[in-house]
Amino acid sequence: MQLFPFGHATHPQWQMAAGLVLAQLRAQMSLHGYAASPTLGLLYITDHYAAAAQDILDHLGAELPLVTDWSGTVGVGIASSNVEYFDEPAMAVMLCALPTDQYRVFSGVAPLPATFTPHTALVHADASTPDVAELIAELADRTTSGYLFGGLASSRADTVQFAVGGNGNLQGHGKAGGVFRGGLSGVAFAEGVQLVSRVTQGCQPVAPARRITGADVNLVTELDGEPALDVLLEDLRITLDQPQAAVAALRTTLVGLTQPSEDVVTRMGSFGTDVVVRHIIGVDPRRRGVAVADKVDEGMRLAFCRRDVAAARADLVRICAEIREELEPEELPLAVASALAAPDPAAGPSPESRIAGAIYVSCSGRGGPHFGGPSAEMQIVRRALGDVPLVGFFAGGEIARSHLYGYTGVLTVFR
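Residues 10 to 424 in the numbering used here are what the sequence shown spells out, letter by letter.
Structure, rendered in structure tokens:
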């Protein structure tokens, strides 16, 4: 598989940004090693451009007639190789060269056809959609691998999604122009499209994992047979007799949840990939309970946690290393192995990396601002993974497998 052309730019006028992106794409499409005739475009824009979403899609479609399928969404921030765009008008595009019988673009008005068997899927979703978590789980059940990746659109303006297939029209769209609001959309991939995907956590447990032994919808009433509020106060070493200190501690504390059969904490003391992090939304002194932003059931495992930059950075490097290890040949010449172990940021994408392109969806609360500097998160990814074509966005919730996560990153590469 050839490398996927990609481009990114920022400019107050979307027409200028699009021109810069198109120039990058065309230059790469003329280079040896890059795909010259891609058919699937992934488009991510910041919410500054949301009002012009249809114009942007129409313009890119007209300028790139070979690209007959488009998918993407909006974010408060977007990402590309080594750069993040927050609070500024920007767009990023990656053009994927995949066999046309191995993927299908879908949306709420043009669902996947019964004749196509999805193995995995890239999913963009609107957080305001009723029962969005259940819809994600249902879509995962329809795939043969049970694995989805993607995220919830995030926007301070219009929340839009892009979904175009087959020369500008998906069957069933009628006169729809490919820009949608609400529901789910994305790209389903057949088994012939080889992907490797990992989830990186952004929180660190501050107390041992416990079993929920009492629950009422979203209120945890008991942990290991003890009143949940009493356990929380003990774990955080706070008391309600000092309300200001208690409130300050609770504001920085979250909960990590898993199903009964899944581990919360790994042997290294960090969260495993099965953990979903949710906010504490209140306490109930009368019932000695702790309310969380999700439905909980007896038997689930729970650990109180906090966001941790050092742990998030280490875990991000870990998943990049795991992906590289899975993709690289078992035996490499010493010179090649050394180059892969310490990639030169100034060099072009290395064919030995065996990565055609990558998609990174991170929490809108992460990115450079969380990791300590402009574009810090993407720079970590580039140093650890190598200089590969990459686009993505900062989401209001991240999707991996059948779960809806928070404060995580989901990195997926095309082999």
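Quick reminder that beta carbons are idealized off the backbone N, C-alpha and C, glycines included.
Nearest neighbour of Tyr369, chosen from Pro294, Phe423 and Asp317 [CA to CA]: Here the question's residue 369 lines up with position 360 in the sequence shown. The option with the nearest alpha carbon to Tyr369 is Phe423.
N- and C-terminal bounds of the beta strand (DSSP E) containing Trp408: The residue you call residue 408 lines up with position 399 of the sequence shown. Reading off the sequence, residue 408 comes out as Ile, not Trp. In the DSSP annotation of this structure, the continuous segment of the beta strand (DSSP E) that includes Ile408 starts and ends at Glu407 to Ala409.
Buried/exposed call for Thr129, threshold 16 Cβ in 10 Å: Indexing the sequence shown from 1 puts residue 129 at position 120. It is buried - the Cβ of Thr129 has at least 16 other Cβ atoms within 10 Å.
Counted within 10 angstroms of its Cβ, other Cβ atoms place Ala71 as buried (16 or more) or exposed: Counting from one through the sequence shown, the residue named residue 71 turns up at place 62. Flag for Ala71 reads exposed.
For Gly42, the nearest candidate out of His133, Pro398 and Asp293 (CA to CA): Taking the sequence shown and counting its residues from 1, the one referred to as residue 42 is at position 33. When only C-alpha atoms are compared, the closest one is Pro398.
For Met100 and Phe15, believed in contact at Cβ under 8 Å, the rounded distance: The count along the sequence shown starts at 1 and reaches residue 15 at position 6. The count along the sequence shown starts at 1 and reaches residue 100 at position 91. Wrong, their Cβ atoms sit about 11 Å apart, outside the cutoff.
Reduced DSSP secondary structure (H/G/I, E/B, other) of Pro214: Position 205 of the sequence shown, counted from the first residue, corresponds to residue 214. If DSSP states are grouped into helix, strand and coil, Pro214 belongs with the strands.
Ala224 to Ala409 span [Cα, whole Å]: As a working mapping, residue 224 is identified with position 215 in the sequence shown. As a working mapping, residue 409 is identified with position 400 in the sequence shown. One C-alpha to the other measures close to 26 Å.
Ranges of the alpha helix (DSSP H) found wholly within the stretch 102-162, counting only runs of at least 4: 141-151
C-beta atoms of Gln11 and Ala59 nearer than 9 Å: Counting from 1 along the sequence shown, the entry for residue 11 is found at position 2. Counting from 1 along the sequence shown, the entry for residue 59 is found at position 50. Contact: no.
Counterpart residues of Gln170 in DSSP-defined beta bridges: Indexing the sequence shown from 1 puts residue 170 at position 161. In the DSSP output, where bridge partners are listed per residue, Gln170 has Thr82 and Phe189.
Completely contained beta strand (DSSP E) runs for the stretch 238-286, where each covers 3 or more residues: 263-267
In DSSP terms, what His288 is bridged to: As a working mapping, residue 288 is identified with position 279 in the sequence shown. In the DSSP assignment, the residues bridged to His288 are Leu263.
Counterpart residues of Met100 in DSSP-defined beta bridges: In the sequence shown, the residue the question calls residue 100 occupies position 91. For Met100, which the question treats as bridged, DSSP gives the partners Ala18 and Ile54.
Integer Cβ distance of Leu311 from Ile247, believed to fall under 8 Å: The residue labelled residue 311 in the question sits at position 302 within the sequence shown. The residue labelled residue 247 in the question sits at position 238 within the sequence shown. Wrong, their Cβ atoms sit about 18 Å apart, outside the cutoff.
Nearest-angstrom Cβ-Cβ length linking Leu66 and Phe171, presumed shorter than 8 Å: Start at 1 with the first residue of the sequence shown, and residue 66 comes out as number 57. Start at 1 with the first residue of the sequence shown, and residue 171 comes out as number 162. Yes, they are in contact, since the Cβ atoms of Leu66 and Phe171 sit about 6 Å apart, within 8 Å.
Beta-carbon separation (whole angstroms), Val208 vs Tyr53, contact threshold 8 Å: Here the question's residue 208 lines up with position 199 in the sequence shown. Here the question's residue 53 lines up with position 44 in the sequence shown. Going by Cβ atoms, the distance from Val208 to Tyr53 rounds to 19 Å, so no, they are not a contact pair.
Secondary structure of Phe13, DSSP reduced to three states: Your numbering for residue 13 matches position 4 in the sequence shown. Three-state DSSP puts Phe13 in coil, outside helix and strand.
For Phe158 and Ser411, the rounded distance between their alpha carbons: In the sequence shown, the residue the question calls residue 411 occupies position 402. In the sequence shown, the residue the question calls residue 158 occupies position 149. Computed Cα separation, rounded: 9 Å.
Bridge partners - Arg392, DSSP secondary structure assignment: Here residue 392 refers to the residue found at position 383 when the sequence shown is read from its first residue. According to DSSP, Arg392 bridges with nothing at all.
Neighbourhood of Ala255 by C-beta, 6 Å cutoff - its chain only, sequence neighbours within 5 removed: On the sequence shown, residue 255 is found 246 positions in, with the first residue counted as 1. For Ala255, where only same-chain residues beyond five positions count, the Cβ hits under 6 Å are Ile247 and Leu249.
Per-residue burial, Thr261 [other beta carbons within 10 Å of its own, 16 or more giving buried]: Numbered from its first residue, the sequence shown carries residue 261 at position 252. Burial call: exposed.
Burial state of Ile290, where buried means 16 or more other Cβ atoms lie within 10 Å: Translated into the one-based positions of the sequence shown, residue 290 becomes position 281. With fewer than 16 Cβ atoms within 10 Å of its Cβ, Ile290 is classed as exposed.
Buried or exposed by the 16-neighbour rule on C-beta atoms within 10 Å, applied to Phe125: Mapped onto the sequence shown, residue 125 falls at position 116. Exposed, since its Cβ has fewer than 16 Cβ neighbours within 10 Å.
9 Å Cβ cutoff met for Leu31 and Leu75: As a working mapping, residue 31 is identified with position 22 in the sequence shown. As a working mapping, residue 75 is identified with position 66 in the sequence shown. The answer is no: Cβ separation not under 9 Å.
N- and C-terminal bounds of the alpha helix (DSSP H) containing Leu73: For the purposes of this step, residue 73 is taken as residue 64 along the sequence shown, with counting starting at 1. Here Leu73 belongs to no alpha helix (DSSP H), and DSSP marks it neither H nor E.
Thr109, buried or exposed, once every other Cβ within 10 Å from all chains shown has been counted against 16: Numbered from 1 along the sequence shown, position 100 holds the residue referred to as residue 109. By the 10 Å Cβ count, Thr109 comes out exposed.
CA nearest to the CA of Pro383, picked from Val229, Ser80, Pro214 and Val92: Residue numbering aside, residue 383 sits at position 374 when the sequence shown is read from its first letter. Considering only alpha carbons, the answer is Val92.
Element boundaries [alpha helix (DSSP H), containing Ile328]: Your numbering for residue 328 matches position 319 in the sequence shown. Element bounds for Ile328: Val318 to Leu336.
Val301, DSSP secondary structure in three states: Working through the sequence shown from its first residue, we reach residue 301 at position 292. Correct three-state label for Val301: strand.
Length of the line joining the Cα atoms of Ser154 and Gln203: Counting from 1 along the sequence shown, the entry for residue 154 is found at position 145. Counting from 1 along the sequence shown, the entry for residue 203 is found at position 194. So the two alpha carbons sit approximately 12 Å from each other.
Same chain only: Cβ atoms within 7 Å of Met309, ignoring 5 sequence neighbours per side: Walking along the sequence shown from the start, residue 309 turns up at place 300. Ile221, Leu266, Thr267, Gln268 and Pro269, listed in sequence order.
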